[in-house]
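Asks: Numbering (my numbering), first residue to last: 22 to 199.
Where is the CB? At the ideal position from N, CA and C, for every residue including glycine.
1. Do the region 120-129 and the region 83-90 touch if we need at least three Cβ pairs shorter than 8 angstroms?
2. Contact check, residue 55 vs residue 188 under 8 angstroms by CB: the rounded distance?
3. Can you give me the Cβ contacts of residue 182 inside the same chain, cut-off strictly under 7 angstroms, excluding the 5 residues immediately before and after it?
4. Does the Cβ-Cβ distance between residue 180 and residue 192 come in under 7 angstroms?
5. Just the C-alpha distance for residue 133 and residue 140, rounded to the nearest angstrom, thanks.
6. With contact counted as at least three CB pairs below 8 angstroms, one residue from each stretch, are the region 98-108 and the region 60-80 in contact?
7. Between which two residues does the beta strand (DSSP E) containing residue 164 stretch?
8. Looking at the unbroken alpha helix (DSSP H) that takes in residue 95, where does it start and where does it end?
9. If I measure Cβ to Cβ from residue 98 and keep anything under 7 angstroms in the same chain, skipping five residues before and after, which residues do I get?
10. Considering only their Cβ atoms, is the gap separating residue 112 from residue 65 smaller than 7 angstroms?
11. Bridge partners for residue 38 per DSSP, in chain order?
12. For residue 41, which option in 154, 103, 94 has the closest C-alpha, if you only look at C-alpha atoms?
13. According to DSSP, which residues form a beta bridge with residue 148?
14. Assuming the contact rule is C-beta atoms closer than 8 angstroms, residue 147 and residue 128 should be a hit. Round their C-beta distance to whole Å, please.
15. Need the endpoints of the beta strand (DSSP E) that residue 139 sits in, please.
16. Using only the alpha-carbon positions, how far apart do residue 76 and residue 85 sit?
Written out as C-alpha coordinates, the structure reads:
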(Lines of atoms letter the chains of each structure in order from A and count residues from 1; the text may use other names and numbers.)
(Lines give C-alpha, C1' and ligand atoms only; values in the text may rest on other atoms or scores of the structure.)
Protein backbone atom coordinates (compact mmCIF):
# COMPACT_ATOMS: atom_id res chain seq x y z
CA UNK A 1 0.00 0.00 0.00
CA UNK A 2 1.61 3.29 -1.08
CA UNK A 3 2.09 6.05 1.42
CA UNK A 4 -0.34 8.88 0.71
CA UNK A 5 1.26 12.28 0.72
CA UNK A 6 -0.86 15.42 0.66
CA UNK A 7 -0.75 17.21 -2.64
CA UNK A 8 -2.44 20.17 -4.22
CA UNK A 9 -5.25 17.94 -5.42
CA UNK A 10 -6.25 17.03 -1.86
CA UNK A 11 -8.91 19.40 -0.66
CA UNK A 12 -10.34 19.68 2.82
CA UNK A 13 -13.68 21.45 2.32
CA UNK A 14 -14.39 21.97 6.02
CA UNK A 15 -11.04 23.67 6.60
CA UNK A 16 -11.23 25.61 3.33
CA UNK A 17 -14.69 27.08 3.88
CA UNK A 18 -14.47 27.61 7.64
CA UNK A 19 -11.20 29.56 7.37
CA UNK A 20 -12.60 31.55 4.42
CA UNK A 21 -15.75 32.38 6.42
CA UNK A 22 -13.70 33.59 9.39
CA UNK A 23 -11.59 35.83 7.15
CA UNK A 24 -14.70 37.33 5.53
CA UNK A 25 -15.93 38.43 8.97
CA UNK A 26 -13.10 40.99 9.11
CA UNK A 27 -14.56 44.33 7.89
CA UNK A 28 -13.00 47.10 5.83
CA UNK A 29 -12.64 50.60 7.36
CA UNK A 30 -14.74 53.47 5.92
CA UNK A 31 -15.04 57.23 6.48
CA UNK A 32 -18.57 58.64 6.23
CA UNK A 33 -19.59 62.24 5.57
CA UNK A 34 -22.22 63.42 8.08
CA UNK A 35 -23.68 66.75 7.01
CA UNK A 36 -26.72 68.95 7.66
CA UNK A 37 -26.92 72.64 6.75
CA UNK A 38 -23.59 74.18 7.79
CA UNK A 39 -22.62 71.44 10.26
CA UNK A 40 -20.55 68.52 9.07
CA UNK A 41 -18.16 65.93 10.41
CA UNK A 42 -16.37 62.77 9.37
CA UNK A 43 -17.61 59.54 10.91
CA UNK A 44 -15.59 56.32 11.05
CA UNK A 45 -17.04 52.86 10.59
CA UNK A 46 -16.78 49.47 8.95
CA UNK A 47 -18.16 47.77 5.85
CA UNK A 48 -18.42 44.10 4.96
CA UNK A 49 -18.41 42.83 1.37
CA UNK A 50 -20.77 39.95 0.57
CA UNK A 51 -20.89 38.83 -3.06
CA UNK A 52 -23.68 36.30 -3.60
CA UNK A 53 -23.19 36.18 -7.38
CA UNK A 54 -20.27 36.93 -9.71
CA UNK A 55 -20.07 36.47 -13.47
CA UNK A 56 -16.50 36.30 -14.82
CA UNK A 57 -15.78 37.49 -18.35
CA UNK A 58 -12.46 35.61 -18.41
CA UNK A 59 -13.33 32.09 -17.24
CA UNK A 60 -12.03 29.37 -19.49
CA UNK A 61 -14.37 27.00 -21.29
CA UNK A 62 -13.93 24.20 -18.74
CA UNK A 63 -15.43 26.05 -15.77
CA UNK A 64 -18.62 27.98 -15.23
CA UNK A 65 -18.57 31.75 -15.62
CA UNK A 66 -20.67 32.03 -12.45
CA UNK A 67 -19.37 31.84 -8.89
CA UNK A 68 -21.26 32.38 -5.67
CA UNK A 69 -19.88 33.76 -2.36
CA UNK A 70 -16.45 32.06 -2.62
CA UNK A 71 -15.10 34.15 -5.51
CA UNK A 72 -11.57 33.47 -6.71
CA UNK A 73 -9.64 36.77 -6.98
CA UNK A 74 -8.11 35.93 -10.37
CA UNK A 75 -11.52 35.47 -11.94
CA UNK A 76 -12.99 38.50 -10.17
CA UNK A 77 -10.31 41.08 -10.96
CA UNK A 78 -9.62 39.86 -14.53
CA UNK A 79 -13.03 41.23 -15.49
CA UNK A 80 -16.40 40.44 -13.99
CA UNK A 81 -19.83 41.70 -13.03
CA UNK A 82 -21.28 41.01 -9.60
CA UNK A 83 -24.17 41.53 -7.27
CA UNK A 84 -23.11 42.65 -3.80
CA UNK A 85 -24.52 43.24 -0.33
CA UNK A 86 -22.76 45.62 2.06
CA UNK A 87 -23.68 45.69 5.74
CA UNK A 88 -22.23 48.93 7.17
CA UNK A 89 -21.86 50.34 10.66
CA UNK A 90 -20.71 53.77 11.84
CA UNK A 91 -19.03 53.87 15.24
CA UNK A 92 -20.57 57.23 16.21
CA UNK A 93 -24.05 58.64 15.71
CA UNK A 94 -24.86 60.63 12.61
CA UNK A 95 -25.73 63.65 14.77
CA UNK A 96 -26.01 66.07 11.86
CA UNK A 97 -27.95 63.88 9.44
CA UNK A 98 -29.87 61.87 12.08
CA UNK A 99 -29.26 58.57 10.29
CA UNK A 100 -29.08 55.21 12.03
CA UNK A 101 -25.62 53.77 12.71
CA UNK A 102 -26.29 50.47 10.93
CA UNK A 103 -27.62 49.94 7.43
CA UNK A 104 -27.40 47.60 4.47
CA UNK A 105 -26.65 48.50 0.87
CA UNK A 106 -27.12 46.30 -2.15
CA UNK A 107 -26.12 46.77 -5.75
CA UNK A 108 -24.10 45.70 -8.72
CA UNK A 109 -20.62 46.53 -9.98
CA UNK A 110 -18.42 45.77 -12.96
CA UNK A 111 -14.69 45.18 -12.49
CA UNK A 112 -12.22 45.93 -15.29
CA UNK A 113 -8.60 44.77 -15.42
CA UNK A 114 -6.09 47.58 -15.98
CA UNK A 115 -2.68 45.89 -15.84
CA UNK A 116 -1.61 42.25 -15.90
CA UNK A 117 -5.15 40.90 -16.33
CA UNK A 118 -6.21 42.68 -13.15
CA UNK A 119 -3.71 40.88 -10.94
CA UNK A 120 -1.76 44.09 -10.29
CA UNK A 121 -4.37 46.80 -10.87
CA UNK A 122 -8.07 46.79 -11.62
CA UNK A 123 -10.95 49.26 -11.35
CA UNK A 124 -14.68 49.06 -10.73
CA UNK A 125 -17.80 51.12 -11.23
CA UNK A 126 -21.12 50.32 -9.66
CA UNK A 127 -24.53 51.42 -8.49
CA UNK A 128 -26.14 50.63 -5.17
CA UNK A 129 -29.18 51.31 -3.04
CA UNK A 130 -28.75 52.11 0.66
CA UNK A 131 -31.43 50.91 3.07
CA UNK A 132 -30.57 53.56 5.66
CA UNK A 133 -33.17 54.90 8.10
CA UNK A 134 -33.24 58.59 8.92
CA UNK A 135 -34.53 59.12 12.45
CA UNK A 136 -36.10 62.56 12.15
CA UNK A 137 -36.51 63.88 8.61
CA UNK A 138 -37.92 60.87 6.77
CA UNK A 139 -35.17 60.76 4.13
CA UNK A 140 -34.98 56.98 4.28
CA UNK A 141 -33.16 54.90 1.68
CA UNK A 142 -31.24 56.42 -1.18
CA UNK A 143 -29.29 55.39 -4.30
CA UNK A 144 -25.57 55.82 -4.77
CA UNK A 145 -22.73 55.27 -7.22
CA UNK A 146 -19.28 53.93 -6.48
CA UNK A 147 -15.88 53.58 -8.03
CA UNK A 148 -12.84 51.66 -6.89
CA UNK A 149 -9.20 50.88 -7.59
CA UNK A 150 -7.81 47.52 -6.47
CA UNK A 151 -4.18 46.51 -6.06
CA UNK A 152 -2.95 42.92 -6.10
CA UNK A 153 -6.50 41.59 -5.70
CA UNK A 154 -6.79 42.13 -1.98
CA UNK A 155 -6.37 45.81 -1.21
CA UNK A 156 -8.16 48.75 -2.74
CA UNK A 157 -9.86 52.09 -2.32
CA UNK A 158 -13.59 52.63 -2.88
CA UNK A 159 -15.35 55.99 -3.13
CA UNK A 160 -19.13 56.37 -2.94
CA UNK A 161 -21.34 59.28 -3.87
CA UNK A 162 -24.80 58.93 -2.35
CA UNK A 163 -27.82 60.85 -3.56
CA UNK A 164 -28.69 61.87 -0.01
CA UNK A 165 -28.06 65.32 1.41
CA UNK A 166 -27.01 63.96 4.83
CA UNK A 167 -24.45 61.31 3.81
CA UNK A 168 -23.09 62.20 0.39
CA UNK A 169 -19.49 61.02 0.25
CA UNK A 170 -17.92 57.88 1.69
CA UNK A 171 -14.31 56.80 1.27
CA UNK A 172 -13.14 53.40 2.35
CA UNK A 173 -10.46 50.81 2.05
CA UNK A 174 -11.34 47.54 0.38
CA UNK A 175 -9.60 44.75 2.26
CA UNK A 176 -10.39 41.21 1.17
CA UNK A 177 -8.71 38.14 2.60
CA UNK A 178 -8.54 34.86 0.67
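Replies: The structure says:
1. Counting C-beta pairs with one atom in each stretch, the region 120-129 and the region 83-90 have fewer than three that are closer than 8 angstroms, which means they do not touch.
2. Correct: roughly 7 angstroms between the Cβ atoms.
3. Annotation for residue 182: 165, 166, 189, 190 place their beta carbon closer than 7 angstroms to its own, counting only its chain and skipping 5 residues before and after.
4. Yes.
5. Cα-Cα distance, rounded: 11 angstroms.
6. Yes, since at least three Cβ pairs between the region 98-108 and the region 60-80 fall closer than 8 angstroms, the two stretches touch.
7. Segment 163-172, the beta strand (DSSP E) holding residue 164.
8. Run containing residue 95: 94-98, per the alpha helix (DSSP H) assignment.
9. Correct list, in chain order: 132, 134, 139, 140, 143, 171, 174.
10. The criterion of a C-beta distance shorter than 7 angstroms is satisfied by residue 65 and residue 112.
11. Paired residues: none, contrary to the question.
12. Cα-wise, what sits closest to residue 41 is 94.
13. In DSSP, residue 148 forms a bridge with 129, 166.
14. Right, the Cβ-Cβ distance comes to about 6 angstroms (below 8 angstroms), so this counts as a contact.
15. Per DSSP, residue 139 is not a residue of any beta strand (DSSP E), being assigned neither H nor E.
16. If I take the Cα positions, the gap works out to 9 angstroms.
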